[in-house]
Each structure stands twice: as structure tokens, then as C-alpha cells.
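Novice:
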Amino acid sequence: MSLPTDTGHFGQFGGRFVPEALQAALAELTEAFDAAWADPSYHAELEKLQRDYSGRPTPITVAENFSRQCGNATILLKREDLNHTGAHKINNVLGQALLTKRMGKTRVIAETGAGQHGVATATAAALLGLECRVYMGEVDTQRQALNVARMQLLGAEVYAVAAGSRTLKDAMNEAMRDWVTTVEDTHYLIGTVGGPHPFPYLVRELQRVISTEARRQMIAEHGGLPDYVAACVGGGSNAIGMFYDFIEDPSVGLYGFEAEGEGISTGRHAATITAGSPGVLHGARTYVLQDEEGQTIESHSISAGLDYPGVGPEHAWLATTGRAVYEPVTDADAMDAFKQLTRTEGIIPAIESAHAVAGAKRLGLRLAQENPDLHPKILVCLSGRGDKDVATAFDWFGLPGVPDKTVGGLE
1 MSLPTDTGHF GQFGGRFVPE ALQAALAELT EAFDAAWADP SYHAELEKLQ RDYSGRPTPI
61 TVAENFSRQC GNATILLKRE DLNHTGAHKI NNVLGQALLT KRMGKTRVIA ETGAGQHGVA
121 TATAAALLGL ECRVYMGEVD TQRQALNVAR MQLLGAEVYA VAAGSRTLKD AMNEAMRDWV
181 TTVEDTHYLI GTVGGPHPFP YLVRELQRVI STEARRQMIA EHGGLPDYVA ACVGGGSNAI
241 GMFYDFIEDP SVGLYGFEAE GEGISTGRHA ATITAGSPGV LHGARTYVLQ DEEGQTIESH
301 SISAGLDYPG VGPEHAWLAT TGRAVYEPVT DADAMDAFKQ LTRTEGIIPA IESAHAVAGA
361 KRLGLRLAQE NPDLHPKILV CLSGRGDKDV ATAFDWFGLP GVPDKTVGGL E
């Protein structure tokens, strides 16, 4: 069955729960995207940008050294961190920026957590001559100050949101408020597979390039399909992009790793599927962290990009049907994986991606314990690079940020 339905539903999830003022804009966007997606000239323009500007196809790297810590598993990394701007976010942004031009709109707004979507949006806006404003939680502007500066250098306005938990959820609220009053000339360039229909479907189709490439590369270069595919899950855009072309392959297990933060029992986490329940958030029915009265509760993660109390509705559907498995990973385990991958492979992952790396290691060790004769291939989406997270890593590991020794100088 092809999902979503015409009304934007994935089973009981998805839909369009928005004010009347946005219904017409979402209908216009649905029509515009369907027309563009059926137009070969749109695909030709997008594919040219993906190849010549973003740097696709991204390679698959065998993490031979890190794999030695993962039981009998071979860990393979789909290198979305090698995209222009340093994350998978550029895949979606280029497609939506082209769509903005086709709709005759001159301004884009975006929300961002870790800043990678904001940087990608500011980049595409600069390239295509669009006015750009990015909303970002005040807490996230502090832990991702480098990306704030990158957005400003690219010509975007960055608005810090001081409401609520001052993180991604609140940035998305403010972007929605902006869009309600500016919809005539503005496109809301959502960065994840959440929000009202058609965004979950639209963003999925633009991120699907990850699994389309990966599936082809595994068959051509690595002897066949992987046994497992893994990705981190906040809103879930890199994960749905990584999963999608493998959904119809029953031999391939799909694993999403959520942010467990300081532990489920502490309440300071962002493990929406593991510890949430069905509800409505930002225009879609999905799994939400909420109290007994249905009020959304604050999430927590060391990773700004995973610090969100909801998840894309297609992930909710994949979890409910059992096609994908979702497990939590703590801040501590993610940071251990962050350090291990850096030290063994010379690759500094985004802290978001480090959750997937940690989950893949745990899966490899578990499989080796269950059946020592198995030698599984686990393909991990390395969704972004960790340059932006160096300050957080300094704090976590207690690094002084000074040279180990000073030599030379005047006698």
C-alpha cells in the first residue's frame, strides 16, 4: 500500500490539524509539489544541484576499526556528513527551495535545533536569491553558536525563541505563527518529516535519495543488501530517508535510535516512541511526550537536533506495524560512541549521528551473543558531521582546549 493516503494519513497517524488560515496554503503546497514531482524538468534541476553543488552521491565507508568493537558485525557508514553544509539536511532544502521559486514566493522561514537545517536553508536561500529567516530555541543558539554565525554569514536573520523550553519545539511554534501571517509570499521550509500533510510525505520523498543510493551501492559494491539499517531519530528525516527504499526488503531489519537523554526513568529524555503516546503535535497525529491531560511535556537530549517531544507520523506507523524497531540511547552511550568513532576511524560524527553509531554497536554485540555464527552487515546513516558539536564535546569530556605541551621559544 502506498502511503500516505490522499488525506495525509499513515494508518491512524498523520493528517492535517492546523488553523483555517493555513488550510489553503497547505492545499496549494500539495498541488505544487505533486506537479513538480511529476515534472522531469524539476527532477533534472534538482539532480544537477545534488551532483554539482551538494556533492552526491555520498559514499559508503566500511568502518573496519570501529567494527572490531561491535561483536561479529561489520559497520558501514552512509556518509551524509560529506554533503555540502555537512549534513543530510541539504537534500530536503534544495528541493523545497526550488519549489518555493516555482510557487512564485520570495521568502522562506525555517526552524532549527542543531542548526544544520538552518544552515542548509540559509545556504539554499543565498543560492536562489530568497529572503530567509530562521527560528531557533534560545538554548540551542547557545549550544550551537557556530551555526548561528554561519547562518548570519549566509545572509539569514536568526531569531532566538525564549518561550517554553527554548528548544526545537518552541522554534517550530514561532515559525508556524510567522507563516500564518505571511503565507502570501512565504514558504515554511520544514526540516523534518513532521508537521501537517503534505510535509511528512514531501520531506520523505526529498530525503529518499539516501536509501535509493545506499541500496544501489550495497548491491554493486558490497555484495548485496545489508542485514540491518540504522539511523538516529528525532523528528526522523534522516531515518525515513535511510529506511524508505529498504521497507519492501523483508530481509533487512530497520532500527531507529531515539534520544534517551539521562534515562527514561528520570523524565529527562526525548524517546518519543519508547515513552510517548498518540497525540497531536504541530499539525499531525503521532507519538508525543505528553502528560495525563494531553499537554506536551519538555524533552531533553544532549543533542539539539534530537531534542523534540514528537516524531514524524510515518515512524509512528512503522513502529506500530512492527516494520521498524525503535530503541533509546542515552547521552552517555552516544558520547562514548562519538569518541570511539572519532578515535578509531578519524571521523567526528554529529552527536545526533552518534546515537545511531552507539545503537549499531549495541545491536552488533547483542547479535553476537545470540548467535556467534552470524556476521551481519549493519548500515548506519551518518547524518552529519560533528564540527558543530566540538564545544559540547569539550564540556562533556572536560577537555581544557589548550596544547598538551609548549616547546621552543626564546632561550
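If you're matching positions, the sequence shown starts at 1 in full-length UniProt numbering and goes up one per residue.
Built from N, CA and C at the ideal position, the CB exists for glycine as well.
Please read all numbers here as calculations on a predicted model, not as lab measurements.
Taking residue 319 as part of the alpha helix (DSSP H), name the residues at either end of that continuous run.
Specialist: Position 319 of the sequence shown, counted from the start, is the residue given in the question as residue 319. From DSSP, the alpha helix (DSSP H) with residue 319 extends over 313-321.
Novice: Mapping DSSP to helix, strand and coil, what is residue 285?
Specialist: Numbered from 1 along the sequence shown, position 285 holds the residue referred to as residue 285. Residue state, collapsed to three classes: strand.
Novice: Taking the alpha-carbon positions, what's the residue 135 to residue 171 distance?
Specialist: On the sequence shown, position 135 is the one that residue 135 refers to. On the sequence shown, position 171 is the one that residue 171 refers to. The alpha-carbon atoms of residue 135 and residue 171 are separated by roughly 5 Å.
Novice: Unbroken beta strand (DSSP E) runs of length 3 or more, entirely within the segment 238-315: which are they?
Specialist: Runs of the beta strand (DSSP E) inside the segment 238-315: 253-261, 277-281 and 284-288.
Novice: On a CA-only basis, which of 225, 200, 393 and 51 is nearest residue 413? Give me that one, please.
Specialist: Any question about residue 413 goes unanswered here, given that the chain covers just 1 to 411.
Novice: Use the C-beta contact count for residue 407: other C-beta atoms within 10 angstroms, 16 or more gives buried, fewer gives exposed.
Specialist: As a position in the sequence shown, residue 407 is number 407, starting the count at 1. It is exposed - the Cβ of residue 407 has fewer than 16 other Cβ atoms within 10 Å.
Novice: Determine which residues share a DSSP beta bridge with residue 385 and list them.
Specialist: Counting from one through the sequence shown, the residue named residue 385 turns up at place 385. Residue 385 pairs with 349.
Novice: So, with DSSP's three-state summary, where would you put residue 59?
Specialist: Taking the first residue of the sequence shown as 1, we reach residue 59 at position 59. Coil.
Novice: Using alpha carbons as the reference points, say which of 44, 79, 25 and 36 lies closest to residue 345.
Specialist: Sequence index remark: in the sequence shown, residue 345 carries index 345 (1-based). Checked all of 44, 79, 25 and 36; the closest Cα to residue 345 is 79.
Novice: Distance check for residue 174 and residue 283, CA to CA, integer angstroms please.
Specialist: Locating residue 283 in the sequence shown gives position 283, where the first residue counts as 1. Locating residue 174 in the sequence shown gives position 174, where the first residue counts as 1. Rounded to the nearest angstrom, the two C-alpha atoms are 14 Å apart.
Novice: Give the single residue among 383, 340, 110 and 229 whose Cα lies nearest to the Cα of residue 251.
Specialist: The sequence position of residue 251 within the sequence shown is 251, counting from 1. Out of 383, 340, 110 and 229, 229 has the C-alpha closest to the C-alpha of residue 251.
Novice: Looking at residue 13 and residue 328, is the spacing between their C-beta atoms short of 9 Å?
Specialist: Residue mapping note: residue 328 aligns to position 328 of the sequence shown, counting from 1. Residue mapping note: residue 13 aligns to position 13 of the sequence shown, counting from 1. No, the Cβ-Cβ distance between residue 328 and residue 13 is not below 9 Å.
Novice: Candidates 60, 204, 311 and 338: which alpha carbon is nearest residue 218's?
Specialist: Position 218 of the sequence shown, counted from the first residue, corresponds to residue 218. Of the candidates 60, 204, 311 and 338, the one whose C-alpha sits nearest the C-alpha of residue 218 is 60.
Novice: Rounded to the nearest angstrom, what separates residue 115 and residue 373 at their Cα positions?
Specialist: Numbered from 1 along the sequence shown, position 115 holds the residue referred to as residue 115. Numbered from 1 along the sequence shown, position 373 holds the residue referred to as residue 373. Spanning the two alpha carbons is a distance of roughly 43 Å.
Novice: Going by DSSP in three states, residue 162 sits in which element: helix, strand or coil?
Specialist: To locate residue 162, count along the sequence shown from 1; it is residue 162. Of the three classes helix, strand and coil, the one that applies to residue 162 here is coil, per DSSP.
Novice: Starting from the Cα of residue 271, find the closest Cα among 139, 169 and 309 and give me that residue.
Specialist: Locating residue 271 in the sequence shown gives position 271, counting from the first residue. Comparing Cα-Cα distances from residue 271 to each of 139, 169 and 309, the minimum goes to 309.
Novice: Since residue 117 is in the beta strand (DSSP E), which residue starts that stretch and which ends it?
Specialist: Walking along the sequence shown from the start, residue 117 turns up at place 117. Residue 117 -> not in any beta strand (DSSP E); alpha helix (DSSP H) instead, spanning 116-128.
Novice: Which residues in the same chain have their Cβ closer than 6 Å to the Cβ of residue 187, if we skip the five residues on either side of it in sequence?
Specialist: By 1-based counting over the sequence shown, the position of residue 187 is 187. Here the set comprises 100, 105 and 108.
Novice: Comparing C-alpha positions only, which one of 341, 202, 208 and 361 sits nearest to residue 35?
Specialist: The residue you call residue 35 lines up with position 35 of the sequence shown. Minimum Cα distance to residue 35 is reached at 202.
Novice: Please name the residue in 20, 236, 168 and 333 whose C-alpha comes closest to that of residue 396.
Specialist: Stepping through the sequence shown from its first residue, residue 396 is reached at position 396. Checking every option, the nearest Cα to that of residue 396 belongs to 333.
Novice: Straight-line CA distance for residue 137 to residue 110?
Specialist: To locate residue 137, count along the sequence shown from 1; it is residue 137. To locate residue 110, count along the sequence shown from 1; it is residue 110. Roughly 12 Å separates the two Cα atoms.
Novice: Is residue 13 helix, strand or coil when you go by DSSP?
Specialist: For the purposes of this step, residue 13 is identified with residue 13 of the sequence shown, where counting begins at 1. Correct three-state label for residue 13: strand.
Novice: I'd like to know if the segment 160-167 and the segment 238-252 are in contact, where contact means that at least 3 CB-CB pairs between them fall below 8 Å.
Specialist: Not touching, per the Cβ criterion.
Novice: Short of 7 Å in beta carbon distance, which residues of its chain neighbour residue 233, apart from the five on each side in sequence? Order them along the chain.
Specialist: Position 233 of the sequence shown holds residue 233. Cβ within range, chain order: 239, 256, 257, 258, 311, 315 and 326.
Novice: Between the segment 68-83 and the segment 366-381, do three or more beta carbon pairs fall short of 8 Å?
Specialist: Taking 8 Å as the limit for Cβ pairs, the verdict is that the segment 366-381 does touch the segment 68-83.
Novice: Do you know how far the Cα of residue 214 is from the Cα of residue 54?
Specialist: Along the sequence shown, one-based indexing puts residue 54 at 54. Along the sequence shown, one-based indexing puts residue 214 at 214. Distance between the alpha carbons of residue 54 and residue 214 is about 17 Å.
Novice: Check whether the segment 191-199 and the segment 21-30 touch, using three or more Cβ-Cβ pairs below 8 Å as the test.
Specialist: Yes, they touch.
Novice: For the putative contact between residue 324 and residue 254, defined by C-beta atoms under 8 Å, what is the C-beta separation to the nearest angstrom?
Specialist: Working through the sequence shown from its first residue, we reach residue 324 at position 324. Working through the sequence shown from its first residue, we reach residue 254 at position 254. With 8 Å as the limit, residue 324 and residue 254 qualify as a contact, their Cβ atoms being about 4 Å apart.
Novice: Would you list the residues sitting across from residue 415 in a DSSP beta bridge?
Specialist: Residue numbering for the chain in the displayed model covers 1 to 411; residue 415 lies beyond these limits and cannot be assessed.
Novice: With DSSP collapsed to three states, give me the class of residue 406.
Specialist: Taking the first residue of the sequence shown as 1, we reach residue 406 at position 406. DSSP places residue 406 in coil when its eight states are reduced to three.
Novice: Among the residues of its own chain, which have a CB less than 6 Å from the CB of residue 17, if the five just before and after it don't count?
Specialist: Position 17 of the sequence shown, counted from the first residue, corresponds to residue 17. Hits under 6 Å: 280 and 283.
Novice: Considering residue 328, what are the terminal residues of the beta strand (DSSP E) in which it resides?
Specialist: Within the sequence shown, residue 328 is the residue found at index 328, counting from 1. Per DSSP, residue 328 belongs to the beta strand (DSSP E) from 324-330.
Novice: Ordered along the chain, which non-local residues of its own chain (more than five positions away) have a Cβ less than 6 Å from that of residue 150?
Specialist: By 1-based counting over the sequence shown, the position of residue 150 is 150. Closer than 6 Å at Cβ, skipping near neighbours: 119.
Novice: According to DSSP, is residue 137 part of a helix, a strand, or is it coil?
Specialist: Taking the sequence shown and counting its residues from 1, the one referred to as residue 137 is at position 137. It is a strand residue.
Novice: Looking only at C-alpha atoms, which of 103, 98 and 57 sits nearest to residue 88?
Specialist: Within the sequence shown, numbered from 1, the residue matching residue 88 stands at position 88. Of 103, 98 and 57, the residue nearest in Cα terms is 57.
Novice: Among 33, 113, 360 and 222, which has the Cα closest to the Cα of residue 301?
Specialist: Locating residue 301 in the sequence shown gives position 301, counting from the first residue. For the residues 33, 113, 360 and 222, the minimum Cα distance to residue 301 belongs to 113.
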